[in-house]
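>
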Amino acid sequence: GADINPGRHRHDEWMAVMVGSAQDAAQADKFFDWLADAKLPPPVLLMEGSPSAFAQAHGLHEANVWTLDTPLRHTQLEALLRRASLKRLDAEHQAGVQQDTGPTGNSEAVTRLRRLIDQVAAFDTTVLVLGESGTGKEVVARAIHQHSPRRDGPFVAINCGAIPPDLLESELFGHEKGAFTGALSTRKGRFEMAEGGTLLLDEIGDMSLPMQVKLLRVLQERSFERVGGGQTIRCNVRVIAATHRNLETRISDGQFREDLFYRLNVFPIEMPALRERVDDLAMLVQTIAGQLARTGRGEVRFADEALQALRSYDWPGNVRELTNLVERLAVLHPGGLVRVQ
Numbered sequence: 001g002a003d004i005n006p007g008r009h010r011h012d013e014w015m016a017v018m019v020g021s022a023q024d025a026a027q028a029d030k031f032f033d034w035l036a037d038a039k040l041p042p043p044v045l046l047m048e049g050s051p052s053a054f055a056q057a058h059g060l061h062e063a064n065v066w067t068l069d070t071p072l073r074h075t076q077l078e079a080l081l082r083r084a085s086l087k088r089l090d091a092e093h094q095a096g097v098q099q100d101t102g103p104t105g106n107s108e109a110v111t112r113l114r115r116l117i118d119q120v121a122a123f124d125t126t127v128l129v130l131g132e133s134g135t136g137k138e139v140v141a142r143a144i145h146q147h148s149p150r151r152d153g154p155f156v157a158i159n160c161g162a163i164p165p166d167l168l169e170s171e172l173f174g175h176e177k178g179a180f181t182g183a184l185s186t187r188k189g190r191f192e193m194a195e196g197g198t199l200l201l202d203e204i205g206d207m208s209l210p211m212q213v214k215l216l217r218v219l220q221e222r223s224f225e226r227v228g229g230g231q232t233i234r235c236n237v238r239v240i241a242a243t244h245r246n247l248e249t250r251i252s253d254g255q256f257r258e259d260l261f262y263r264l265n266v267f268p269i270e271m272p273a274l275r276e277r278v279d280d281l282a283m284l285v286q287t288i289a290g291q292l293a294r295t296g297r298g299e300v301r302f303a304d305e306a307l308q309a310l311r312s313y314d315w316p317g318n319v320r321e322l323t324n325l326v327e328r329l330a331v332l333h334p335g336g337l338v339r340v341q
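For the record, in the sequence shown the residue sitting at position 194 is 194 according to the UniProt record's numbering, with numbers rising by one throughout.
#1: Here's the rule: buried if 16 or more other CB atoms are within 10 angstroms of the residue's CB, otherwise exposed. What is F261?
#2: Do you know offhand how far A121's Cα is from G228's?
#3: Once you ignore the five residues that flank H61 on each side, which residues in its own chain have a CB closer than 6 Å to its CB?
#4: Going by DSSP, what residue range makes up the beta strand (DSSP E) through P268?
#5: Give me, in chain order, the residues of the same chain whose beta-carbon lies closer than 7 Å to that of G336; leave out the 5 immediate sequence neighbours on both sides.
#6: Could you check whether the segment 125–133 touches the segment 165–179, counting it as contact only if at least three pairs of C-beta atoms, one from each stretch, sit closer than 8 Å?
#7: Inspect the CB distances between the segment 236–254 and the segment 179–197 and report whether three or more fall short of 8 Å.
#8: Quick check: the Cα distance between R82 and L184, rounded to an integer number of angstroms?
#9: When we look at the beta-carbon of T135 and count the other beta-carbons within 10 Å, is it buried (16 or more) or exposed?
#10: Name the DSSP bridge partner or partners of W315?
#11: Ignore the nearest five residues each way along the sequence and tell me which others in K188's own chain have a CB closer than 7 Å to its CB.
#12: Based on Cα-Cα distance, which residue from P334, G205, P41 lies nearest to A16?
#13: In three-state DSSP terms, what is N236?
#14: Which complete alpha helix (DSSP H) runs does the segment 242–286 hold, if anything under 4 residues is left out?
#15: Using only CA atoms, which one of L113, R297, E221 lies nearest to I144?
#16: A57 to G20, Cα distance in whole Å?
#17: Is the shortest distance between the beta-carbon of S52 and the beta-carbons of chain B less than 8 Å?
#18: Under 8 Å, with one C-beta from each stretch per pair, do the segment 65–81 and the segment 261–275 reach the 3-pair mark?
#19: How would you write the range of the beta strand (DSSP E) that A157 sits in, first residue to last?
#20: Under the three-state reduction of DSSP, which class applies to M211: helix, strand or coil?
#21: Below 7 Å CB to CB, which residues in the same chain sit around T104 once its five sequence neighbours on both sides are set aside?
#22: If you draw a straight line from the alpha carbon of K137 to that of F302, how long is it in whole angstroms?
#23: Considering just the uninterrupted stretch of the alpha helix (DSSP H) at S170, what are its terminal residues?
#24: Using the beta-carbon count (16 or more within 10 Å), is V156 buried or exposed?
#25: In the structure shown, what three-state DSSP assignment does S133 receive?
#26: D202 by DSSP, collapsed to three states: which one?
#27: Residues in its own chain within less than 8 Å of M271 by CB, not counting five upstream and five downstream?
#28: Taking a contact to mean a Cβ-Cβ separation below 8 Å, would you say residue 343 touches V340 in this structure?
#29: Classify T186 as helix, strand or coil using the three-state DSSP reduction.
#30: Which term fits F256, buried or exposed, when burial requires 16 or more other beta carbons within 10 angstroms of its beta carbon?
#31: Below 6 Å CB to CB, which residues in the same chain sit around P43 once its five sequence neighbours on both sides are set aside?
#32: Can you tell me whether G296 is buried or exposed? The criterion is at least 16 other CB atoms within 10 Å of its CB, across all chains shown.
#33: Does the separation of the CB atoms of L307 and G298 fall below 8 Å?
#34: With H147 and D118 assumed to form a contact (beta carbons below 8 Å), what rounded beta-carbon distance in angstroms separates them?
#35: Does the separation of the CB atoms of L45 and F54 fall below 8 Å?
#36: Less than 8 Å between the C-beta atoms of P165 and M193, yes or no?
Laid out in structure tokens, this is it:
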């Protein structure tokens, strides 16, 4: 009895689509055709049948078809709807705040970067993004994901250097209830959260050697076990790694495994420092200021002489430092025009 006339609805009105069995097959097919055309499609919660077969039959991405157990359990439905909400927020953020799903600029360095992104995005190749801190390595990782066949799947990022070594295993692979003190419930790790999509392992160069061994095994076997669990979980995830470290130096120092390096370094991408692409500075400032204005964090404009002055600075913190400066000026001089004194 549900109204599934696609002409009466917009895609963004739907949090999720629960599918049991549709009595009117022709009408249902029309609805799923409409769903397949969506730029930001809501996930399908499938109560019967195989998600992969359903996705193939209706032209949907498999990562966007989720299994819903029957009889219905409130906790599972609530968890799936929360996941759908987060997926939509992330998708809207990518479509709105960061409309350019890649590095900003028209310099030769950025043109080369875009060419590499286009070259590798279509393949499930492991990518290693190298460069100084603040150069935009996550921006490149997101661009690869957005241009890949996995674009409808999740993009999950984790900073391996920001998490204590004894907690990183649980963060990556999840844990079972009672696996350690404080593990009050079963929890999925980032590999499971990224199923069907892309996982960015940021600051991989800071990962401990024991953890590197476990990661290497997952990359080789495409499976893992949660901490405290014995069940092997298969994973379908594209891995992108990033670091500001010189991994070859760390290999020489005995701090990084050579076999893991070769497993990750299938397609390396070198990020240019901001000082190497100062021709992009004006466009970067404009883009950052536009994002601040759209998200209600203040407005600021720069006079030509101010932009020229910014070009002469070395930018050791790269694009992150520039973003910080523009945001600070938007707070200090809301709606103002930045000039050189």
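Note that beta-carbon positions come from the ideal geometry of N, C-alpha and C, so glycine has one too.
Reading it off the structure:
#1: buried
#2: Across the structure, A121 and G228 are spaced so that their CA atoms are roughly 35 Å apart.
#3: D152
#4: 267–270
#5: V300
#6: Contact fails: fewer than three Cβ-Cβ distances are below 8 Å.
#7: yes
#8: Going from the Cα of R82 to the Cα of L184 covers about 20 Å.
#9: buried
#10: Note: W315 sits in no beta bridge, so no partner.
#11: G174
#12: P41
#13: N236 falls in the coil class under three-state DSSP.
#14: 247–252, 258–264
#15: L113
#16: 15 Å
#17: The chain inventory of the structure shown lacks chain B, comprising one protein chain alone.
#18: No contact exists between the segment 65–81 and the segment 261–275.
#19: 155–159
#20: helix
#21: D280, M283, L284, T287
#22: Each residue's Cα considered, the two are about 26 Å apart.
#23: 165–173
#24: buried
#25: coil
#26: It is a strand residue.
#27: Result list for M271: L113, V129, L130, G131, E132, T135, G136, K137, V140, in chain order.
#28: Summary: the structure shown does not reach residue 343, with the chain confined to residues 1 through 341, and so no result is reported for it.
#29: Looking at T186 - three-state DSSP - the assignment turns out to be coil, as it is neither helix nor strand.
#30: buried
#31: A16, N64, W66, A84
#32: Counting every other CB atom within 10 Å of its CB across the protein chains shown gives G296 a total below 16, marking it as exposed.
#33: no
#34: 7 Å
#35: The answer is no: Cβ separation not under 8 Å.
#36: no
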